[in-house]
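Heads up, the thing below is written out as structure tokens.
There are 4 protein chains.
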Amino acid sequence: MAKPKFRELRRSYGFDEVAIVPGNITVNPDQTNIELKIEGFTFTIPVLASAMDGVTDVRTAITLSKLGGLGVIHLEGVQTRYDNPDDVLAEIARAPASEITPLLQKVYSAPIKENLIGERIQAIKKAGAVCAASVTPANTKRFAPLTAEAGADILVVASTVTTARHTSKSYEGLIFPKLRKLVSMPIIVGNCVSYSSCLELMQTGISAVLVGVGPGAACTTRQVLGVGVPQITATMDCAMARDDYFRESGRYVPIITDGGFRNGGDICKAVAAGADGVMLGSVLAQAKEAPGLGYHWGMANPHPALPRGTRIKVGTTGTIEQILFGPASVTDGSQNLVGALRTALGICGACDIAEMHKAEMVIAPAITTEGKFWQMAQGRP
Amino acid sequence: MAKPKFRELRRSYGFDEVAIVPGNITVNPDQTNIELKIEGFTFTIPVLASAMDGVTDVRTAITLSKLGGLGVIHLEGVQTRYDNPDDVLAEIARAPASEITPLLQKVYSAPIKENLIGERIQAIKKAGAVCAASVTPANTKRFAPLTAEAGADILVVASTVTTARHTSKSYEGLIFPKLRKLVSMPIIVGNCVSYSSCLELMQTGISAVLVGVGPGAACTTRQVLGVGVPQITATMDCAMARDDYFRESGRYVPIITDGGFRNGGDICKAVAAGADGVMLGSVLAQAKEAPGLGYHWGMANPHPALPRGTRIKVGTTGTIEQILFGPASVTDGSQNLVGALRTALGICGACDIAEMHKAEMVIAPAITTEGKFWQMAQGRP
Amino acid sequence: MAKPKFRELRRSYGFDEVAIVPGNITVNPDQTNIELKIEGFTFTIPVLASAMDGVTDVRTAITLSKLGGLGVIHLEGVQTRYDNPDDVLAEIARAPASEITPLLQKVYSAPIKENLIGERIQAIKKAGAVCAASVTPANTKRFAPLTAEAGADILVVASTVTTARHTSKSYEGLIFPKLRKLVSMPIIVGNCVSYSSCLELMQTGISAVLVGVGPGAACTTRQVLGVGVPQITATMDCAMARDDYFRESGRYVPIITDGGFRNGGDICKAVAAGADGVMLGSVLAQAKEAPGLGYHWGMANPHPALPRGTRIKVGTTGTIEQILFGPASVTDGSQNLVGALRTALGICGACDIAEMHKAEMVIAPAITTEGKFWQMAQGRP
Amino acid sequence: MAKPKFRELRRSYGFDEVAIVPGNITVNPDQTNIELKIEGFTFTIPVLASAMDGVTDVRTAITLSKLGGLGVIHLEGVQTRYDNPDDVLAEIARAPASEITPLLQKVYSAPIKENLIGERIQAIKKAGAVCAASVTPANTKRFAPLTAEAGADILVVASTVTTARHTSKSYEGLIFPKLRKLVSMPIIVGNCVSYSSCLELMQTGISAVLVGVGPGAACTTRQVLGVGVPQITATMDCAMARDDYFRESGRYVPIITDGGFRNGGDICKAVAAGADGVMLGSVLAQAKEAPGLGYHWGMANPHPALPRGTRIKVGTTGTIEQILFGPASVTDGSQNLVGALRTALGICGACDIAEMHKAEMVIAPAITTEGKFWQMAQGRP
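Protein chains in written order, with this note's numbering: chain P, 1 to 381; chain W, 1001 to 1381; chain Y, 2001 to 2381; chain X, 3001 to 3381.
Below you can see the structure in the form of structure tokens.
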């Protein structure tokens, strides 16, 4: 019997498994440029806040925009289901762990009020902030026009996995080229994780892509469905799609790595892997201004029949400004994320994000030296 | 001295080490077909319940069949050794951990009563359910005719490792082609884990193969004997044997991955690896109807001299229907397993199980992000 | 600057990282032959007891021999330093953990009494047992003649690392071909872990080789010196040296994997990797007859300046006979080791140890399924 | 669509992931030569003490020098900011964990007193010791002349990452060839981790290179910035740069692996990987004479806006002499480091450090056997 050629699987990597190699030249961090451009818009810092109810509401979207980033408000969450979402958010924060899944299932079964879509968008715009609003593919045809009408600047169409092609008997799939004609604003689409699905999305003409399936701290997609690709590999593959598409079309479609970040190191690694921007959930849920009141939970996931999220206690550590710009009062990398990114660029000799994409990385399991030393030390007088 | 060519070992993978990559097209989960066919029988869901005493008895076999799956009753367990097995099951559930191995050794040393074989099978058949009954290879010649006579639909011949060829001085090995002639029903044989042993079994004419040695939660075969192959590799290798055998013979012999499942994600991965069906132990032992009363233990393993099983407390979480079809009240993937499988097919753009076999997988260690985040958060106010 | 060709390291494997693949044919375990031959001696089971004071004394050496194996008594431990070693062993067992290293340093600084060498050997011989006695290379010239004179059957010359060549100004290195002429009995030498050092040792004419540096439960060589090769790789490499030497010389020199075993699975894996026999420390220190009274510690390692051992509590689980032949009352693989080995041979279709050397193995990290399941279950009612 | 060629990352290794393979010949440890030469200076042991405030002050620098090694005093730490640094060190040791980062930020914001630079250097010189003093690149032009003037023997220029080229608008980068002309003493520069950056540094004419970014027990650079390469790979790559540079120029520039060491095994592995010397932090912070009083913290890292260090309790275990030369009273490898290094050389048949560079290493995850055995044993009577 001839030896069969066994099926082989490719190895993928997450944040904990890689490290960035310093460059041969160093640059003063103050001289680095970390801008993110999405069609007409330029953000001075490449940071988006997740379209999750514990992270982004009207207030935090305004704050983020003033600090140079972008908050994305979810149009199918508590902000548009409740006139007074703060009461609901407080209820979620107060609920004991054992009751949280049924509570979230109940909270998210309330109907979306179309008038609130306009109100939330206008509140953000009135403050002079850039407004990005998020809808799911299934509801895009219904909500996108309302979003445009209310004056939103950027439309985000996102679900766990969104592809350029969808097969369904019950409704016609969302056709992105049609959507581009329907609304005139930039469209960010997600999420995807593979080279080919990212390339196909870019070819539909959309403005930016969200990268990430299953990595988030509040997401249990990998346990429930077995689906997901670790963020470093997902980012590297989608960055290659972006570069190939740019060579082919002349159009540069930025990719935004979305989910799984815990500290500045993770952000630096995503950028070294090829990300043009990052979308933060748990990390910003720790902000004093965060609507989650120290808690964070999966947004698309209070599914009535197959819930895939979980509520985690993230605590409250500092203001959004302190988390992004410091000064840090902790040394675990969860504060001064922008300073960390600039410092990493400097260490790698990168003047901007495009140069940082060329930084070398190695596979290097998360350091445990410190923990071990402690253990060793504890057994002693 | 010339450099020697060192012996090299192949890497194998288990559920925790892989993840499924979403496809380039998505399909509405409601439109997916997840049927499993075993010779004349078609099951609307590809789920078998293990031939283990904590999982399958007459009642759960009936329930499983009505829900579209198949429960396999073990003909050498408490169901055929005791007129009133429920008393024994309660005793096992009540026993303290320190006394469980001797108790199981005692319980399983009681003789098998041949009349009970017929009674159990007829009870299942009387309820209109499909009846599958399991025997070990050593007892097959003795019990298979009784099984056929009592009206069972499918015969399962299984032990830790079963091969097409067996060498023994004390008894003539089981010859599967002969067995096929002896009983006219479909025969499922297991367990095996390698390409060549699976191929040889298929070549004997049997109807389906159980794949898995050593992975189960209640199994300690790998510690005791060092033998076993992780389920993803075992499934991929046996799926290749099935496909090669189909090309060679034109006969499609389904493979059923048996053991080690903890959640929907594991099931989805097994199918992506090539499984036509899955056999669940611990997961179904958690059912309210489960005979194990919240406990689960190795079946073939209360060996009088070399026990290789262990009793684990799995708890009770919901009805069989809820575990299989939801709605899920937990987010860890242990409920609505069928919904999870359909959703994963949809995300991979697969209309049926055969298409899901082509889904891409990557090697991706189990996510620990959440755990780490918690740890990080706990050190804070 | 041209890309440098980086130094690459070879991956090595330990017991926890591999698993044995079942064969295409199965054999009745009762029909397997697991003999080990060392020159003129044939042992019905391939099990040696370590030359460690917590494992082998006169009584256990006799018991082991009667059961078909071989106990190796250390001639430089408490047995030859104290007329009444049992008192010293009891003192070691009673000492609190914080005082154990200085106590061992003191205990092992007492002088060796040459008369006790003869006494211990004769006590073993008088009982009709095969007697193997162990010395370190530095003391071999002094003690080997005494050992021969007292009637020992097999001489073991072992230290952490022993090579065919040694450079020293202070004393002439041990020359094995000379030693073979000096004493007429078989000589087992160790320890080594690499192909080339094993081959060189075999070429000196010695009778068997001990394989293993740094793996033992009571050994901290890898922490202290950074030196050591995991046992599966060490065994595979030395087995290749044995096979090459056999082809070259026609002389078959068995290799005995020494150290790191915790259960039957480890023993089966060592044999599948190429071992002709195994030398057990911690596992036999758990015997009711063990001189260590439930404790085990490194033998060569109470070094006055650089101690590399540690005392571990192994507990007491059963008699030597029960540990080797069962029946097992536990399911963790620590009892009925011989039964486990025969069963594994049967599952792999191997009639004897030589055939088991051809069993396929895969790289497969230790299973953690059970642990995880428990964790999962604990969060539930 | 053609299959894209995915970006691939190279695997890197740390101390815990490798092990040294014994040689085919052994050497008496007493005959090994472990000298380290840095331009005119010869050190009988290849050990440097880190330029960290918990490790090196005037007293420990003197002790180290007398024992044959080299302590490096940091000229930008508490020793030059405070007339009476011992008070400040005691305050750091007393501070509760929750207040340590702000305290360190405050302590290190006090100005450096130039007169103390001279005083500290002269105190070391007056005792007859070799004096090495460390500055950061940004302050080198200002402090280097003072250092030379005060009579220091060796200048160390070090920061997290130092390269031969630096881009900044605010100040002219440090030009090493110019610095060599400015001060006549040997210059050690660091830190770097890659082949090319190490080679470029050597080509500037400096005397030795410090290797290591992010490995230290008191360093959180990898979490905060994602930057760092594990020490074995960093050492192997820089050793290759050293060897290539030696072939190219005829000048041998030693490399000193700096950071992450916990025991003798780590030191032996660094040397086997190619290190000419090692720089120890945490391990020497455990000395009775250590200024840190049982604590250790990152030196360059009390950054006012982005702190990357942490204070860890290392405890106090023995004198510097005992840690370096034994006798060891513990068996975890943290004492008698020099004895361990000589023993490892002996086991590998290496007469000196250059020969030890040729020792074979294998990839071998840290042993956990002992831990597992304990766990196993605990569940028993």
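Even glycine gets a Cβ: it sits at the ideal position worked out from N, Cα and C.
Minimum Cβ-Cβ distance from residue i to chain W less than 8 Å
i: E200/P; result: yes
i: C391/P; result: Because residue 391/P is not part of the residues shown, which for chain P are 1 to 381, the question remains open.
i: C131/P; result: no
i: R10/P; result: yes
i: K181/P; result: no
i: R413/P; result: Residue 413/P lies beyond the range of chain P shown here (1 to 381); nothing can be said about it.
Exposure label - residue i; buried when at least 16 CB within 10 Å
i: A1097/W; result: exposed
i: T3369/X; result: Per-residue confidence for T3369/X stands at a pLDDT of 39, beneath the threshold of 50, marking its modelled position as unreliable; the derived number appears in the next sentence. Burial call: buried.
i: A1269/W; result: Looking at the sequence itself, residue 1269/W is Lys, so the reference to Ala does not match. By the neighbour-count rule (16 or more Cβ atoms within 10 Å), K1269/W is buried.
i: D3083/X; result: exposed
i: G333/P; result: buried
i: G250/P; result: exposed
i: S65/P; result: buried
Coil, strand or helix - residue i by DSSP
i: Y2195/Y; result: helix
i: I2353/Y; result: helix
i: I3124/X; result: helix
i: D276/P; result: coil
i: R2251/Y; result: coil
i: D3258/X; result: strand
i: A3158/X; result: strand
i: Y3013/X; result: coil
i: N2115/Y; result: helix
8 Å Cβ cutoff, residue i in contact with chain X
i: V362/P; result: yes
i: Q231/P; result: no
i: A344/P; result: yes
Start and end residues, alpha helix (DSSP H) containing residue i
i: K2269/Y; result: G2264 to A2273
i: K313/P; result: Here K313/P belongs to no alpha helix (DSSP H); instead the beta strand (DSSP E) covers R311 to K313.
i: V2283/Y; result: S2282 to A2285
Contact with chain P by residue i, beta-carbon distance below 8 Å
i: S1329/W; result: yes
i: V1283/W; result: no
i: G1031/W; result: As written in the sequence, residue 1031/W is Gln, which differs from the Gly given in the question. Answer yes: the Cβ-Cβ gap between Q1031/W and chain P drops below 8 Å somewhere.
Limits of the unbroken beta strand (DSSP E) element including residue i
i: K3106/X; result: Not the beta strand (DSSP E): K3106/X falls in the alpha helix (DSSP H), residues I3100 to V3107.
i: T26/P; result: I25 to V27
i: F1043/W; result: F1041 to F1043
i: K37/P; result: L36 to I38
is_contact[residue i, chain Y] using C-beta, thresh 8 Å
i: I1020/W; result: no
i: D3332/X; result: yes
CB of residue i within 8 Å of CB of residue j, strictly
i: Q1335/W; j: A1328/W; result: yes
i: A129/P; j: V135/P; result: no
i: I3124/X; j: I3062/X; result: yes
i: P1215/W; j: Q1231/W; result: yes
i: S3012/X; j: V271/P; result: no
i: V3227/X; j: P22/P; result: yes
i: N3139/X; j: T3162/X; result: no
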